[in-house]
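A.B. asks: The structure that follows is given in the form of structure tokens.
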Amino acid sequence: MALRIRLAVAGGALAVVAGCSMLPVSAPQPSSGADQGTLSPAADARPGDASGEAAALAPGTSPAPQASPTSHRSPQPVATKPLPTAVADPGAKGPAEFVNRVATKDKVAFLTLDDGVVTDPNLITFLTDNKIPVTTFFTTMYGDGHWDYWRQISQLGSVQNHTVYHPTLTKLGEGGAAEEICSANKAITAEIGNTPWMLRPPYGVYGDSTLAAAGDCGLDYVVHWSVTLPDEEFHFQEGDHFLPGDIILSHYRDDLVPHLKIMLAELQRQGFRLARLEDYLPPKP
Ligand SMILES: [Zn+2]
Numbered sequence: 207m208a209l210r211i212r213l214a215v216a217g218g219a220l221a222v223v224a225g226c227s228m229l230p231v232s233a234p235q236p237s238s239g240a241d242q243g244t245l246s247p248a249a250d251a252r253p254g255d256a257s258g259e260a261a262a263l264a265p266g267t268s269p270a271p272q273a274s275p276t277s278h279r280s281p282q283p284v285a286t287k288p289l290p291t292a293v294a295d296p297g298a299k300g301p302a303e304f305v306n307r308v309a310t311k312d313k314v315a316f317l318t319l320d321d322g323v324v325t326d327p328n329l330i331t332f333l334t335d336n337k338i339p340v341t342t343f344f345t346t347m348y349g350d351g352h353w354d355y356w357r358q359i360s361q362l363g364s365v366q367n368h369t370v371y372h373p374t375l376t377k378l379g380e381g382g383a384a385e386e387i388c389s390a391n392k393a394i395t396a397e398i399g400n401t402p403w404m405l406r407p408p409y410g411v412y413g414d415s416t417l418a419a420a421g422d423c424g425l426d427y428v429v430h431w432s433v434t435l436p437d438e439e440f441h442f443q444e445g446d447h448f449l450p451g452d453i454i455l456s457h458y459r460d461d462l463v464p465h466l467k468i469m470l471a472e473l474q475r476q477g478f479r480l481a482r483l484e485d486y487l488p489p490k491p
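Reading the sequence shown from the start, the letters are residues 207 to 491 in the working numbering.
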């Protein structure tokens, strides 16, 4: 599972951990305080979308034509027609907020685990015995026949949205992305009983269309990470130690427990504790 592939994309070289999230390894680091919304490795690669404004338009719409400077006429009927909207869900909201580290002074970090290919009963025992809170970003295609396992996992934190089929959302446009996100939310709500309010985009790839689509589905946050635990060592996006509010990314896999033991020891050594992401990023009203 630790297979890495190097890709050259806009914004720098990226490493892909097979099965999931894309790790910016050599992309320029954002300056302090400016990381919200600027870490997108690929952003929306849609032509003509450099400003990001296209996300504000419903798919297929063009900006309303501007009146020419010589025109003295009242606005044309086209301006009075209601604009089609990209609303995909009754609970639709504005664009979701991007987060890769929680703004807090508490010496806390948050454990997030992605995908859901592996269901290891020993993991539940380990997490429960050690009172480790975990936020799961679940890919719902792995739910069939295993929902009971994920219901147990949800008791340790919550099960949030990692789409249905794990696509690169920016390739789908806002409508296609909303389909993936809304469908995953419905499945998790039906099977687990909690309605997700956070999305982790597959491979970490997101853009304005992703933020908009997440909002269309009623989600509040698109959650990246600031620390990864791909094997026995941490990869910090900033510096070489934990920072308050760090979000740790790892995946459900066979060899997770020994790596979590290393994580616990290191957090303790640095004076940090794990907290519930749900407490620090609760659903917005
Ligand atoms: Zn993933």
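We put the CB at the ideal spot given by N, CA and C, even for glycine.
Taking T374 as part of the beta strand (DSSP E), name the residues at either end of that continuous run.
C.D. replies: It is not in any beta strand (DSSP E) - T374 carries neither H nor E in the DSSP assignment.
A.B. asks: Applying the criterion that 16 or more other CB atoms from any shown protein chain within 10 Å of the CB defines a buried residue, is T341 buried or exposed?
C.D. replies: With 16 or more Cβ atoms within 10 Å of its Cβ, T341 is classed as buried.
A.B. asks: Can you list the alpha helix (DSSP H) stretches of 4 or more residues lying completely in the stretch 447–481, in chain order?
C.D. replies: With a minimum length of 4 residues, the continuous alpha helix (DSSP H) runs that stay inside the stretch 447–481 are 462–475.
A.B. asks: By the three-class DSSP mapping on this structure, what secondary structure does N391 have?
C.D. replies: If DSSP states are grouped into helix, strand and coil, N391 belongs with the helices.
A.B. asks: Using alpha carbons as the reference points, say which of A383, V305 and Q358 lies closest to P370.
C.D. replies: Per the sequence presented here, residue 370 reads as Val, with Pro not at that position. When only C-alpha atoms are compared, the closest one is A383.
A.B. asks: List the residues that DSSP assigns as beta-bridge partners of S364.
C.D. replies: Note: S364 sits in a beta bridge opposite T341.
A.B. asks: For the beta strand (DSSP E) containing E303, name the first residue and the last one.
C.D. replies: Segment E303 to V305, the beta strand (DSSP E) holding E303.
A.B. asks: First and last residue of the beta strand (DSSP E) that includes L333?
C.D. replies: No beta strand (DSSP E) contains L333, which is instead part of the alpha helix (DSSP H) from P327 to D335.
A.B. asks: Tell me which residues share the same chain as T395 and place their Cβ nearer than 6 Å to its Cβ, disregarding the 5 neighbours each side in the sequence.
C.D. replies: T401, listed in sequence order.
A.B. asks: My guess is that I453 and V429 are in contact by the Cβ rule of under 8 Å, so how many angstroms apart are they, rounded?
C.D. replies: Between V429 and I453 the Cβ distance is about 7 Å, and since that is below 8 Å, they are a contact.
A.B. asks: Skipping 5 residues on each side, what residues in its chain have a beta carbon closer than 7 Å to that of G300?
C.D. replies: Result list for G300: G421, in chain order.
A.B. asks: Could you work out which residue in T374, N367, F316 and L405 is closest to E303 when comparing CA atoms only?
C.D. replies: With distances taken between Cα atoms, E303 lies closest to L405.
A.B. asks: If L417 and V305 are in contact, beta carbons under 8 Å, what's the gap, nearest whole angstrom?
C.D. replies: About 11 Å; that fails the 8 Å criterion.
A.B. asks: Can a CB atom of chain D be found closer than 8 Å to the CB of H352?
C.D. replies: The chain inventory of the structure shown lacks chain D, comprising one protein chain alone.
A.B. asks: I'd like to confirm the pairing. Which residues does DSSP put opposite T318 in its beta bridges?
C.D. replies: Answer is T341 and L455.
A.B. asks: Just checking D437 against ligand 1 - is the residue's beta carbon closer than 7 Å to any of the ligand's heavy atoms?
C.D. replies: No; taking the cut-off as 7 Å, the Cβ of D437 has no heavy atom of ligand 1 nearer than that.
A.B. asks: Going by C-alpha to C-alpha distance, which of D485, R479, P489 and V314 sits closest to N336?
C.D. replies: It is R479.
A.B. asks: To the nearest angstrom, how far is the alpha carbon of D485 from that of F442?
C.D. replies: Approximately 23 Å between the Cα atoms of the pair.
A.B. asks: Do L483 and T345 come within 8 Å of each other at the CB atom, strictly closer than that value?
C.D. replies: No, the pair does not count as a contact, with Cβ atoms beyond the cut-off.
A.B. asks: List the whole-angstrom C-beta distance separating G413 from T374, where the pair is believed to meet the contact cut-off of C-beta under 8 Å.
C.D. replies: Actually they do not touch by this definition, with Cβ atoms about 10 Å apart.
A.B. asks: Please look up how many angstroms separate the CB atoms of H368 and P408, rounded, as I've assumed it's under 8 Å.
C.D. replies: Contact flag correct, Cβ pair sits at about 7 Å.
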